[in-house]
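S.K.:
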Ligand code: FES
Ligand code: FES
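In my numbering, the protein residues as written are 37 to 228.
1) Closest by CA to residue 106, which one among 167, 183, 59?
2) What do you reckon, are the CB atoms on residue 145 and residue 168 nearer than 9 Å?
3) From residue 124 to residue 170, what distance separates their C-alpha atoms?
4) Starting from the N-terminal end, write out each residue whose C-beta falls within a distance shorter than 6 Å of any non-hydrogen atom of ligand 1.
5) Can you tell me where the beta strand (DSSP E) with residue 51 in it begins and where it stops?
6) Confirm, please, whether the CB-CB distance from residue 92 to residue 98 is below 9 Å.
7) Near residue 41, which residues of its chain fall below 6 Å by C-beta distance, leaving aside the five closest residues on each side in sequence?
8) Would the C-beta of residue 174 count as close to ligand 2, meaning under 8 Å from any of its heavy atoms?
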């Protein structure tokens, strides 16, 4: 067993865990954060997406011990004082869910892409969500909802919910070296 201390949705937990325990299972089974779901066993679907220190990760591909000392935000940490986060409201208003199974992961991934690019066009949204699968195939309205959320989250658009990091909503993060390399490959017509 390994002792970890993790802050999840603003609450700090200290637990002894098996080193092989996946973060998604820690969240669901130990903390009861069942809003984060498991949709595959191949790290393909993105249903388990959460933020780890503000970056989206598939929590089925992260060990709980790797989250030691980190801040995790799940779909359950977005609403404030009974008010849905603007992106949750946008999904609701745009009918961007059918069975809803993919929705938590879609929303957490969409927040990450909006932090990178607060003004995405449709193509950028589709690319940003390409790691998240909707088995109901409701992509059209999901994309619409994310574009709507971008409008709602714009500074001055109203009382906005906080981003899941200390970065203000919509603040572009500096690119990593890997992202810079990918961007230059794309610009040069290379493989992504
Ligand atoms: S459950 Fe994590 S990617 Fe499918
Ligand atoms: S709404 Fe059913 S999987 Fe996306």
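All C-beta atoms in this analysis are idealised placements derived from N, C-alpha and C, irrespective of residue type, glycine included.
M.R.: So, from the listed chains and residues:
1) Residue 59 is the option with its Cα nearest to residue 106.
2) It is a contact, given that the beta carbons lie within the stated cut-off.
3) Taking the straight line from one Cα to the other gives about 16 Å.
4) Each of 74, 75, 76, 79, 80, 81, 82, 83, 84, 94, 96 has a C-beta closer than 6 Å to some heavy atom of ligand 1; these make up the full list, in chain order.
5) Note, residue 51: beta strand (DSSP E), 47-53.
6) No, these two residues do not count as a Cβ contact at 9 Å.
7) Answer for residue 41: 50, listed in chain order.
8) Correct: residue 174 has its Cβ closer than 8 Å to ligand 2.
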